[in-house]
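Some notes on the structure that comes next.
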Amino acid sequence: MKKFAYLYNCYITLNNERTNLELHNFLDKVIPLPPQQRLKKIKYGDYTSKAMMPDSDQAKNRNRKIGFAKYRDRKPYEAEKGTDLAELIKKDVLEMTAAVFIPDIRLVAVEYNHYGPRVEAIAQYLSSFLPKTENAMWGIELIPVETKLGWNDISKSNDIRQIEIKLDISGKSKHFISKNNESQSLFVKLIRQTVNSHAEFGANTAKLCFGNGRKKIGIQSEQVLSLLELLAIESELFETVKIKYKSPTTKRIEDVDLKNEGVQSILLQNVNKNSNWEYICDEISDEYYELSKPGSSNYSNHSPFKPVRLPDIIK
1 MKKFAYLYNC YITLNNERTN LELHNFLDKV IPLPPQQRLK KIKYGDYTSK AMMPDSDQAK
61 NRNRKIGFAK YRDRKPYEAE KGTDLAELIK KDVLEMTAAV FIPDIRLVAV EYNHYGPRVE
121 AIAQYLSSFL PKTENAMWGI ELIPVETKLG WNDISKSNDI RQIEIKLDIS GKSKHFISKN
181 NESQSLFVKL IRQTVNSHAE FGANTAKLCF GNGRKKIGIQ SEQVLSLLEL LAIESELFET
241 VKIKYKSPTT KRIEDVDLKN EGVQSILLQN VNKNSNWEYI CDEISDEYYE LSKPGSSNYS
301 NHSPFKPVRL PDIIK
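Counted the way UniProt numbering counts, the sequence shown spans residues 1 to 315.
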């Protein structure tokens, strides 16, 4: 199975305004913290991080390679094939995601894997180290570096043919239902009903599909935009969000999976499912520079940046 890293612009924000602060100065305050202080409880569970030494290459020595980790709630069994051995693992179990931060272009390349921390959880984890007061709300914002066939292209289309959504029916969905219990959004109501009914069957995943029939009225762009907003907020709930539409850019019917294809990526050619996070970080860095730094100028689309001083972090 091919492994990818996805590209995001990364900003420190103050009162929802993007600042001119570069990430390595902030990360260098978090990285040396003792393990107990790097452990944070966020809405997705218990998370921590591990970091590698800065690259010795002068052109890359401000880059930071970090492994983000979440602790599994349910521990698996340790076994040996061909025997009856099945012992519950006693120590805590971590699921890791590798990430490489490139501060001078305000970019982070994040490994995708189904088990480790997702981008939204990483942003929330890092935000937990920044102060939040009545007058100064600090945070971390990660914005996808889009391909040509991304969110913006779909939002401009007036010919949307089909939407297919695959949901992860797990603890994440329970959090979603409790948080959105009063929402009257069409997609929230459909997802809530789907999650509840599939949970009764003991299913782990569910699929929703919407398509245009023979009637002239097609899928409304307003509903698609509400889905995109929901995807941005509750990304971990969705395994795939596939949309078939006529692209105003290519003038063709396109099939796009917004969870993956809508975000610019790099193929990790030498990585497999058993590669450790340190090796994956090195491979992300090597591939990114061999590809001549894709998305390196994208941050200019998000200016202006507010000049501020980095606050003290929360330990």
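Note that beta-carbon positions come from the ideal geometry of N, C-alpha and C, so glycine has one too.
Cβ shell of residue i (< 8 Å), same chain only, five flanking positions each side left out
i: T240; result: E164, I165, K166, D257, K259 and N260
i: I314; result: S128, F129, L130 and P131
i: K207; result: E164, I165, K166 and L167
i: G150; result: P144, V256, L258, G262 and V263
i: N23; result: Here residue 23 turns out to be Leu, not Asn, going by the sequence shown. Correct list, in chain order: C10, I12, R64, F101, P103, R106 and V108.
Backbone secondary structure at residue i - three-state DSSP
i: D46; result: strand
i: L142; result: strand
i: V161; result: For clarity, residue 161 is Arg in the given sequence; the question names Val instead. Of the three classes helix, strand and coil, the one that applies to R161 here is strand, per DSSP.
i: R252; result: coil
i: T194; result: helix
i: S155; result: helix
i: E22; result: coil
i: I89; result: coil
i: T205; result: strand
i: A136; result: coil
i: Y11; result: strand
i: K41; result: strand
i: Y115; result: coil
i: E95; result: strand
i: E80; result: coil
i: K189; result: helix
i: R309; result: coil
i: S300; result: helix
i: K216; result: Because K216 carries a pLDDT of 45, less than 50, the predicted location of this residue cannot be relied on, and the following value inherits that uncertainty. The answer is coil: DSSP assigns K216 none of H, G, I, E or B.
i: D57; result: coil
i: K29; result: helix
i: I169; result: coil
i: I314; result: coil
i: L130; result: coil
Cutoff 7 Å; reference residue i; Cβ partners in own chain excluding five residues on either side
i: V271; result: K3, I280 and E283
i: L291; result: I266
i: K25; result: With the sequence shown as reference, residue 25 is identified as Asn, and Lys is not the correct amino acid for it. Excluding sequence neighbours, N25 sits near L310.
i: K148; result: T249
Closest residue to residue i among the options (Cα-Cα distance)
i: C10; options: I105, K273, S128 and L85; result: I105
i: R38; options: K60, N20 and F68; result: F68
i: F101; options: L94, A109 and E95; result: A109
i: A123; options: S285, M1 and Y8; result: Y8
i: D28; options: G139, V308 and F129; result: F129
i: L94; options: V308, S49 and I243; result: S49
i: D46; options: A206, V145 and Q36; result: Q36
i: Y299; options: K273, Y245, I160 and E141; result: E141
i: residue 323; options: E111, E254, L33 and R74; result: Residue numbering for the chain in the displayed model covers 1 to 315; residue 323 lies beyond these limits and cannot be assessed.
i: R18; options: N63, A136 and K70; result: A136
i: R62; options: A98, Y71, P103 and I42; result: P103
i: Y289; options: L268, N15 and N301; result: L268
i: E120; options: F201, H302 and L237; result: L237
i: N301; options: V195, E146, K75 and R252; result: E146
i: N274; options: T97, S56 and K43; result: T97
i: Y44; options: W277, A59, P34 and D73; result: D73
i: K251; options: L190, N196, C209 and N158; result: N158
i: E134; options: K75, L14, L85 and Y6; result: L14
Own chain, CB closer than 6 Å to residue i, minus 5 neighbours either side, in chain order
i: S296; result: I105
i: P304; result: none
i: G211; result: Q162
i: A51; result: I31 and I66
i: D312; result: none
i: K306; result: E17 and T19
i: D153; result: S247 and T249
i: D92; result: Y71
i: K242; result: E164 and D257
i: I116; result: Checking the displayed sequence, the identity of residue 116 turns out to be Gly instead of Ile. Within the same chain, G116 has close Cβ partners E95, M96 and T97.
i: K156; result: P248
Beta-bridge pairing of residue i - partner residues as DSSP gives them
i: Y6; result: V110 and S265
i: K242; result: E164 and D257
i: R64; result: F101
i: G211; result: Q162
i: Y71; result: L94
i: A51; result: I66
i: E17; result: L14
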